[in-house]
Amino acid sequence: MLLTCHQVRPETSDVTSFIFSSDQAVDFIPGQFLTLLVPIEERTSARAYSLASIPGETELQLTIKRVPGGRVSNHLLDALKPGDTLEALAPAGEFHRDLAGDGAWLLLSAGCGITPVFSMLRERLQREPDADIVFVHSARTAADRLFPEPLEALAAAHPNLKLHWVLGDAVDPEPFKGRLDAAQLQARVPDLKQRTAMICGPQGYMDAVKTMLREFGVEEGRIHSEAFVAPQPASLTEASPSAGHQLAVDGIELPILPGQTVLESLEQGGLPIFAACRTGVCGSCKCKGEKDKLESTSTLGLTPEEIEAGYFLACSSTVTGDMAVELND
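The opening residue of the sequence shown carries number 109 in my numbering; numbering runs sequentially from there.
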């Protein structure tokens, strides 16, 4: 699909929202992401960004944070302007409203991780105004909060929505001051065990929150988190059988080093491969190889038949021997 940028809206000092229209209807589940194909110099890079908008709206909103060394994100914040166009892949992702179900929700986010849960919240309240929802968002300072005005407006319009801020510069008992801790969470959400938790933010934040919820006795099936974090490759050493192997791609041989993913080897060799989320979630880097020579940390989006046939996600796979690779065109 082709997206046209209509508005560039700064949200904080390092976060900007981009408003797009599409040349075709876009069907998605709140919480899912879009993969943008971004040409930078002579290379096109694919990156996945969660949708802040909800189905039925005429425009699509992507909210993107500047990050140190972020080649694509920083390019978009610096260069994308109204009137520019970008290609995008169809919406995808497993962290979404349907995973949360229709019971009581606990939405927990930090930083730019608010984007998918903000979409879920808005759609749920539009569909079910009396839904029982607690939303807890963490930010460094009050000025770093994302979407504070629309969230406060939603909380004012829906007494069943309990909104809590966790701010590093807070001075009053409410919002919370500093980092979210177990005592703060339990005090504001005494019925934790009855809620489905949807968590999105930096990996350290998500790990800490999941640990809190488990310690409070929340069932594992009620705890869900976004997976936009780099998967850890298989633990390899110089003595590993994966040292010094070769990948063969369309007659080209590439070295794959200990601990390197197939994606890293292909990109270093300059071969064209799209990798959107780079976390084993979106499936855009699907390739085919030999299943008995693969070690994978994620197979999301692959069917059992595809796995049996040797399909794998390049961003989440290392190899244990020389292997021919077929790129997924």
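Ideal Cβ placement from N, Cα and C applies to all residues, glycine included. All values reported here derive from a predicted model rather than from experimental measurement.
(request) Apply the 10 Å Cβ neighbour rule to Gly191 and answer buried if 16 or more other Cβ atoms are within range, or exposed otherwise. (result) Position 83 of the sequence shown, counted from the first residue, corresponds to residue 191. A residue is called buried once 16 or more other Cβ atoms fall within 10 Å of its Cβ, and Gly191, having fewer, is exposed.
(message) Quick check on DSSP: helix, strand or coil for Gln140?
(response) Stepping through the sequence shown from its first residue, residue 140 is reached at position 32. Three-state DSSP puts Gln140 in coil, outside helix and strand.
(message) Using the three-state DSSP reduction, which class does Ala198 fall into: helix, strand or coil?
(response) Start at 1 with the first residue of the sequence shown, and residue 198 comes out as number 90. Ala198 falls in the strand class under three-state DSSP.
(request) State buried or exposed for Leu288, treating a residue as buried only when at least 16 other CB atoms are found within 10 Å of its CB. (result) As a working note, residue 288 is residue 180 in the sequence shown. With a threshold of 16 other beta carbon atoms within 10 Å, Leu288 meets it and is buried.
(message) Since Leu142 and Ala196 should fall inside the 8 angstroms C-beta cutoff, what is the C-beta to C-beta distance between them, to a whole number of angstroms?
(response) Taking the first residue of the sequence shown as 1, we reach residue 142 at position 34. Taking the first residue of the sequence shown as 1, we reach residue 196 at position 88. 5 angstroms between Cβ atoms; contact.
(message) Please return the same chain residues whose Cβ sits closer than 7 angstroms to the Cβ of His266, not counting the five positions on each side in sequence.
(response) The count along the sequence shown starts at 1 and reaches residue 266 at position 158. If the five residues before and after His266 are omitted, its C-beta is found closer than 7 angstroms to the C-beta atoms of Leu233 and Pro237, all from its own chain and listed in chain order.
(request) Determine the extent of the alpha helix (DSSP H) in which Leu216 is found, giving its start and end residues. (result) The residue given as residue 216 occupies position 108 in the sequence shown. First-last for Leu216: Trp213 to Ala218, but that is the beta strand (DSSP E), not the alpha helix (DSSP H).
(request) Keeping to the same chain, check which residues put their C-beta closer than 6 angstroms to that of Ser246; ignore five residues upstream and five downstream. (result) As a position in the sequence shown, residue 246 is number 138, starting the count at 1. Taken in chain order, the residues that qualify are Ala218, Val274 and Leu288.
(message) Could you give the first and the last residue of the continuous alpha helix (DSSP H) run that contains Pro249?
(response) If you number the sequence shown from 1, residue 249 lands on position 141. Correcting the residue type first, residue 249 is Thr in the shown sequence and not Pro. Per DSSP, Thr249 is not a residue of any alpha helix (DSSP H), being assigned neither H nor E.
(message) If you reduce the DSSP assignment to three classes, tell me which class Ser373 lands in.
(response) Within the sequence shown, numbered from 1, the residue matching residue 373 stands at position 265. Residue state, collapsed to three classes: helix.
(message) So for Gln98, helix, strand or coil by DSSP?
(response) Since the displayed the chain opens at 109 and closes at 437, residue 98 lies outside it and no answer follows.
(message) My assumption, with CB atoms under 8 angstroms, is that Ala384 sits in contact with Arg155. Please give the rounded CB distance.
(response) Numbered from 1 along the sequence shown, position 276 holds the residue referred to as residue 384. Numbered from 1 along the sequence shown, position 47 holds the residue referred to as residue 155. Rounded, the Cβ-Cβ distance is 6 angstroms, consistent with contact.
(request) Go ahead and pull the three-state DSSP assignment for Ala383. (result) Taking the first residue of the sequence shown as position 1, residue 383 is located at position 275. Under the three-state reduction of DSSP output, Ala383 falls in the coil class, being neither helix nor strand.
(request) Go ahead and label Val297 buried or exposed: buried means 16 or more other beta carbons lie within 10 angstroms of its beta carbon, across all protein chains shown. (result) Locating residue 297 in the sequence shown gives position 189, counting from the first residue. Buried: at least 16 other Cβ atoms inside 10 Å.
(message) Mapping the DSSP letters down to three states, classify Pro190 as helix, strand or coil.
(response) Translated into positions along the sequence shown, residue 190 becomes position 82. If DSSP states are grouped into helix, strand and coil, Pro190 belongs with coil.
(request) Using beta-carbon positions only, say whether Gln140 and Ile127 come within less than 8 angstroms of one another. (result) Translated into positions along the sequence shown, residue 140 becomes position 32. Translated into positions along the sequence shown, residue 127 becomes position 19. Not a contact, by the Cβ cut-off of 8 angstroms.
(message) Taking 8 angstroms as the cut-off, does the region 204 to 215 touch the region 306 to 318 (at least 3 CB pairs, one atom from each stretch)?
(response) Proximity of the region 306 to 318 to the region 204 to 215 meets the contact definition, three or more beta-carbon pairs being nearer than 8 angstroms.
(request) Mind checking who Val297 pairs with in its DSSP beta bridge? (result) Translated into positions along the sequence shown, residue 297 becomes position 189. According to DSSP, Val297 bridges with nothing at all.
(request) Consult DSSP for Arg174 and reduce its assignment to one of helix, strand or coil. (result) Translated into positions along the sequence shown, residue 174 becomes position 66. In this structure, Arg174 counts as coil in the three-state DSSP scheme.
(request) Select from Ser425, Gly221 and Pro138 the residue whose C-alpha is nearest the C-alpha of Ile162. (result) The residue labelled residue 162 in the question sits at position 54 within the sequence shown. For the set Ser425, Gly221 and Pro138, the Cα lying nearest the Cα of Ile162 is the one of Pro138.
(message) Can you look up Leu365 in the DSSP assignment and give me helix, strand or coil?
(response) Along the sequence shown, read from residue 1 onward, the residue named residue 365 stands at position 257. When DSSP states are grouped into helix, strand and coil, Leu365 belongs to the coil group.
(message) Between which two residues does the beta strand (DSSP E) holding Arg117 run?
(response) Residue numbering aside, residue 117 sits at position 9 when the sequence shown is read from its first letter. Bounds of the beta strand (DSSP E) holding Arg117 are Leu110 to Pro118.
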